Amino acid sequence: MSEFRLDDAGLFLDRQLEYIRPQIFEVEYGDIKYPTILPVTAEAGPGAQTFTYRIMDATGDFKLISDAADDLPRADVSQTEKSINIRSFGGSFGYSVQELRAAQMANISLEQRRASAVRRAYEEKVESVAMFGEGSVALSGFFNNATVDVISGNKWFSTSGVTAVEMLEILNQGVSAIISGSNMKEQPDTILIPYEDYNIVSTTRNSDSSDVTVLEYFLRTNPFIRNVEPINQLSAANSSLAKNRMVVYKRDPQKVQLHIPQPLELFPPQQRGLEFIVPAHARVGGTAIYYPKSVKYVQAP
0 MSEFRLDDAG
10 LFLDRQLEYI
20 RPQIFEVEYG
30 DIKYPTILPV
40 TAEAGPGAQT
50 FTYRIMDATG
60 DFKLISDAAD
70 DLPRADVSQT
80 EKSINIRSFG
90 GSFGYSVQEL
100 RAAQMANISL
110 EQRRASAVRR
120 AYEEKVESVA
130 MFGEGSVALS
140 GFFNNATVDV
150 ISGNKWFSTS
160 GVTAVEMLEI
170 LNQGVSAIIS
180 GSNMKEQPDT
190 ILIPYEDYNI
200 VSTTRNSDSS
210 DVTVLEYFLR
220 TNPFIRNVEP
230 INQLSAANSS
240 LAKNRMVVYK
250 RDPQKVQLHI
260 PQPLELFPPQ
270 QRGLEFIVPA
280 HARVGGTAIY
290 YPKSVKYVQA
300 P
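Those letters in the sequence shown? Residues 0 to 300, by numbering that gives the first Met the number 0.
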């Protein structure tokens, strides 16, 4: 009789999960930024251990030649192959047999806060890997990638006595470096900035005679940047970064992608003693920057 009741409790949990799953996946978290700042891809597939990509570089010239020329300039394409690791991450939640029996007897739905907590933990972990990687398994992040050049400014938005003109110079610094360093082949469209610094440029007037803020003026006059977004984790006080940092880049899947070959999945409940545990699993590959010269870090002095 006891075994039958345990099976019955398991079937009840299965039916409840059919309702709970869609509920937890529909929730969007406003403070989770990776889906809006990074193109996300699952192209590697859940069975992949690595994802390999190629960086192509075309070279060549087209010159004025004589009619009988036999030394035509040669065009060619070179490629560099790189791979990123893909790793599994997991968690779980569960209910005791007594909780399931009580809910079944009262004919009420199971509360979904435990399932929601797993979904939240998954999103926070992916956010952390997307931004800062997972060094123990060689997953790369977007905010501390070793392939990206760092520019250190002489002043910062919070420097005492900094002027509106100097703030504009700081905002333009990374943009100009990318464009001039690539002969205009790379043209960024986004700046990510620590929230405390965003607060300064979005509230400081561009001049005493103007109601336009430094940020508004920058967006009006810079021909490339379309988005400036505040990110808490770019502040040294809120992350492992030594100093506040801006990230300047083009939000384009041809330039950068976050690899999530297997988003969060919930497996069927497993009985362990007097509990039913629901395993949760995901596969994440970190952030791949395909063209490092399309990204710049601008850092506080």
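Even for Gly, the Cβ is constructed at its ideal location relative to N, Cα and C. Given the structure is predicted, the values throughout are model-derived calculations rather than measurements.
With respect to the C-alpha of glycine 284, the residue from Ile199, Val255 and Lys154 having the closest C-alpha is Val255. For the 7 Å CB-CB criterion, leucine 214 and serine 201 form a contact. Taking C-beta separations shorter than 7 Å and ignoring five residues to either side along the sequence, the partners of arginine 20 in its chain run Leu265, following chain order.
Counting along the chain, the unbroken alpha helix (DSSP H) around valine 96 starts and ends at 96-105. Rounded to whole angstroms, the gap between the alpha carbons of glutamate 168 and arginine 204 is 15 Å. With fewer than 16 other CB atoms across the displayed protein chains lying within 10 angstroms of its CB, arginine 225 is exposed. Residue pairing by DSSP leaves arginine 14 without any beta bridge partner. Counting only residues of its own chain and dropping the five nearest sequence neighbours on each side, tryptophan 155 has a CB closer than 8 Å to the CB of Val161, Ile169, Asp196, Asn243, Ala299 and Pro300. Excluding the 5 residues flanking it on each side, tyrosine 52 has same chain C-beta neighbours closer than 7 Å at Lys81, Ala287 and Tyr289, in chain order. For secondary structure counted as the beta strand (DSSP E) over 3 or more consecutive residues, the region 136-164 holds these complete runs in sequence order: 148-151.
By the neighbour-count definition (other C-beta atoms within 10 Å, threshold 16), phenylalanine 50 is a buried residue. In the DSSP assignment, valine 255 falls within the beta strand (DSSP E) that extends over 255-258. The Cβ neighbour count for proline 187, taken over all protein chains shown within 10 Å, is at least 16; the residue is labelled buried. The region 91-102 makes no contact with the region 32-50; the number of CB pairs closer than 8 Å stays below 3. Checking the DSSP bridge columns, you'll see tyrosine 52 partnered with Lys81.
One thing to note: alanine 279 has its Cβ within 7 Å of the Cβ of glycine 90. Less than 7 Å divides the Cβ of alanine 281 from the Cβ of glutamine 261.
The beta carbon of alanine 137 sits closer than 8 Å to those of Asn84, all from its chain and outside the five residues before and after it, given in chain order.
According to the DSSP assignment, glutamate 274 belongs to the beta strand (DSSP E) that extends over 274-283.
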